[in-house]
Amino acid sequence: MINKAVFLVPGINTEGRKELPGMWLAENEGAKFWLNVLTQLKNRGLQDILIACVDGLKGFPDAINSVYPQTHIQLCIIHKAVTGRLKTVYQAPTEAAARMALAAFAEDWDDKYPQISCTSSDLI
97 MINKAVFLVP GINTEGRKEL PGMWLAENEG AKFWLNVLTQ LKNRGLQDIL
147 IACVDGLKGF PDAINSVYPQ THIQLCIIHK AVTGRLKTVY QAPTEAAARM
197 ALAAFAEDWD DKYPQISCTS SDLI
(Lines of atoms letter the chains of each structure in order from A and count residues from 1; the text may use other names and numbers.)
(Lines give C-alpha, C1' and ligand atoms only; values in the text may rest on other atoms or scores of the structure.)
Protein backbone atom coordinates (compact mmCIF):
# COMPACT_ATOMS: atom_id res chain seq x y z
CA MET A 1 0.00 0.00 0.00
CA ILE A 2 1.22 3.49 -0.85
CA ASN A 3 0.03 6.38 1.30
CA LYS A 4 -1.04 9.39 -0.70
CA ALA A 5 -2.75 12.65 0.12
CA VAL A 6 -5.18 14.77 -1.84
CA PHE A 7 -3.97 18.35 -2.09
CA LEU A 8 -6.68 20.94 -2.65
CA VAL A 9 -6.28 24.42 -4.08
CA PRO A 10 -9.27 26.39 -2.79
CA GLY A 11 -9.77 30.00 -3.70
CA ILE A 12 -12.13 32.94 -3.63
CA ASN A 13 -12.83 34.68 -6.92
CA THR A 14 -13.23 38.43 -7.41
CA GLU A 15 -17.00 38.10 -6.88
CA GLY A 16 -16.39 36.57 -3.44
CA ARG A 17 -17.44 33.03 -4.43
CA LYS A 18 -15.45 30.02 -3.31
CA GLU A 19 -13.92 27.92 -6.07
CA LEU A 20 -11.89 24.74 -6.18
CA PRO A 21 -9.79 24.94 -9.34
CA GLY A 22 -8.11 21.63 -8.70
CA MET A 23 -7.18 18.62 -6.61
CA TRP A 24 -3.93 16.69 -6.90
CA LEU A 25 -3.03 13.24 -5.58
CA ALA A 26 0.57 12.80 -4.45
CA GLU A 27 2.72 10.87 -2.01
CA ASN A 28 4.25 14.07 -0.66
CA GLU A 29 4.52 17.77 -1.28
CA GLY A 30 7.40 20.11 -1.86
CA ALA A 31 8.23 23.25 -3.76
CA LYS A 32 8.67 21.27 -6.99
CA PHE A 33 5.22 19.69 -6.58
CA TRP A 34 3.60 23.09 -6.00
CA LEU A 35 5.47 24.66 -8.91
CA ASN A 36 3.96 21.97 -11.13
CA VAL A 37 0.47 22.60 -9.69
CA LEU A 38 0.76 26.36 -10.18
CA THR A 39 2.05 25.93 -13.72
CA GLN A 40 -0.92 23.68 -14.52
CA LEU A 41 -3.31 26.28 -13.12
CA LYS A 42 -1.66 29.01 -15.20
CA ASN A 43 -1.86 26.82 -18.34
CA ARG A 44 -5.56 26.19 -17.62
CA GLY A 45 -6.27 29.91 -17.57
CA LEU A 46 -5.93 31.04 -13.95
CA GLN A 47 -4.67 34.55 -14.61
CA ASP A 48 -3.79 35.86 -11.16
CA ILE A 49 -3.47 34.88 -7.54
CA LEU A 50 -3.80 38.04 -5.49
CA ILE A 51 -3.06 36.57 -2.04
CA ALA A 52 -1.74 33.12 -1.17
CA CYS A 53 -1.92 31.89 2.42
CA VAL A 54 0.72 29.20 2.87
CA ASP A 55 2.35 27.19 5.62
CA GLY A 56 6.10 27.23 6.18
CA LEU A 57 6.96 24.79 3.37
CA LYS A 58 10.44 25.73 2.16
CA GLY A 59 10.42 27.10 -1.38
CA PHE A 60 6.63 27.37 -1.62
CA PRO A 61 6.56 31.21 -1.74
CA ASP A 62 9.28 31.19 -4.41
CA ALA A 63 7.31 28.66 -6.47
CA ILE A 64 4.22 30.86 -6.27
CA ASN A 65 6.09 34.02 -7.20
CA SER A 66 7.84 32.32 -10.12
CA VAL A 67 4.48 31.59 -11.77
CA TYR A 68 2.45 34.47 -10.33
CA PRO A 69 5.00 37.22 -9.56
CA GLN A 70 2.45 39.77 -8.29
CA THR A 71 1.05 37.45 -5.59
CA HIS A 72 1.24 38.63 -2.00
CA ILE A 73 2.28 35.78 0.29
CA GLN A 74 0.69 35.45 3.73
CA LEU A 75 2.23 32.95 6.14
CA CYS A 76 -0.45 31.01 8.01
CA ILE A 77 0.70 30.82 11.61
CA ILE A 78 -2.22 28.75 12.90
CA HIS A 79 -1.79 25.94 10.32
CA LYS A 80 0.84 23.97 12.22
CA ALA A 81 -1.00 24.20 15.53
CA VAL A 82 -4.25 22.90 14.04
CA THR A 83 -2.70 20.12 11.98
CA GLY A 84 -0.52 19.10 14.91
CA ARG A 85 -3.59 18.62 17.07
CA LEU A 86 -5.48 16.79 14.32
CA LYS A 87 -2.64 14.26 14.11
CA THR A 88 -3.70 12.97 17.51
CA VAL A 89 -7.05 12.13 15.92
CA TYR A 90 -5.98 10.41 12.72
CA GLN A 91 -2.96 8.69 14.29
CA ALA A 92 -4.93 7.35 17.25
CA PRO A 93 -4.45 3.61 17.77
CA THR A 94 -8.15 2.89 18.26
CA GLU A 95 -11.50 4.38 17.32
CA ALA A 96 -12.18 5.20 20.96
CA ALA A 97 -8.87 7.04 21.25
CA ALA A 98 -9.65 8.93 18.03
CA ARG A 99 -13.04 9.99 19.38
CA MET A 100 -11.43 11.23 22.61
CA ALA A 101 -8.77 13.13 20.67
CA LEU A 102 -11.46 14.65 18.44
CA ALA A 103 -13.44 15.79 21.48
CA ALA A 104 -10.29 17.42 22.90
CA PHE A 105 -9.62 19.09 19.54
CA ALA A 106 -13.19 20.41 19.43
CA GLU A 107 -12.92 21.78 22.96
CA ASP A 108 -9.75 23.69 22.05
CA TRP A 109 -10.72 24.99 18.61
CA ASP A 110 -14.49 25.01 17.95
CA ASP A 111 -15.32 28.29 19.67
CA LYS A 112 -12.44 30.18 18.09
CA TYR A 113 -12.62 28.63 14.61
CA PRO A 114 -16.07 27.04 14.06
CA GLN A 115 -15.38 26.62 10.34
CA ILE A 116 -12.86 23.86 11.11
CA SER A 117 -15.16 22.07 13.53
CA CYS A 118 -15.22 18.29 13.35
CA THR A 119 -17.70 15.84 14.79
CA SER A 120 -17.43 12.16 15.59
CA SER A 121 -19.47 11.45 12.45
CA ASP A 122 -16.47 12.80 10.51
CA LEU A 123 -14.55 9.72 11.66
CA ILE A 124 -16.80 7.35 9.75
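Per our numbering, the sequence shown starts with residue 97, numbered consecutively. Just so you know, even glycine gets a beta-carbon here, dropped at the ideal spot from N, CA and C. None of the values given here were measured: they were computed from a predicted structure.
Within the same chain, show all residues whose beta-carbon is closer than 8 Å to that of histidine 168, passing over the 5 residues directly before and after it, in chain order. Cβ neighbours of histidine 168 beyond the five flanking positions: Leu146, Ile147, Ala148.
Would you list, in sequence order, the uninterrupted alpha helix (DSSP H) runs of no fewer than 4 residues that lie entirely inside the segment 119-185? Taken in chain order, the complete alpha helix (DSSP H) segments of 4 residues or longer contained in the segment 119-185 are 127-139, 156-163.
To the nearest angstrom, how far is the alpha carbon of glycine 118 from that of tyrosine 186? If you take the alpha carbons of glycine 118 and tyrosine 186, they lie about 24 Å apart.
Cβ atoms of leucine 171 and glutamate 125: under 8 Å apart, would you say? The Cβ-Cβ distance between glutamate 125 and leucine 171 does not fall below 8 Å.
One question on the structure: do glutamate 115 and isoleucine 98 come within less than 8 Å of each other, judged by their Cβ atoms? Result no, Cβ atoms of glutamate 115 and isoleucine 98 do not sit closer than 8 Å.
Rank Ala127, Ala192, Thr135 by C-alpha distance to the C-alpha of valine 150 and give the top, closest one. The shortest CA-to-CA distance from valine 150 to any of Ala127, Ala192, Thr135 is the one to Ala127.
Straight-line Cα distance separating glycine 180 from glutamine 136: If you draw a straight line from the Cα of glutamine 136 to the Cα of glycine 180, it comes to about 30 Å.
Looking only at C-alpha atoms, which of Gly155, Ile173, Ile212 sits nearest to asparagine 132? For the set Gly155, Ile173, Ile212, the Cα lying nearest the Cα of asparagine 132 is the one of Gly155.
Endpoints, alpha helix (DSSP H) assigned at leucine 198: Per DSSP, leucine 198 is one residue of the alpha helix (DSSP H) stretching across 191-205.
Any idea if leucine 134 is buried or exposed, counting beta-carbon neighbours within 10 angstroms, 16 or more meaning buried? Under this definition leucine 134 is a buried residue.
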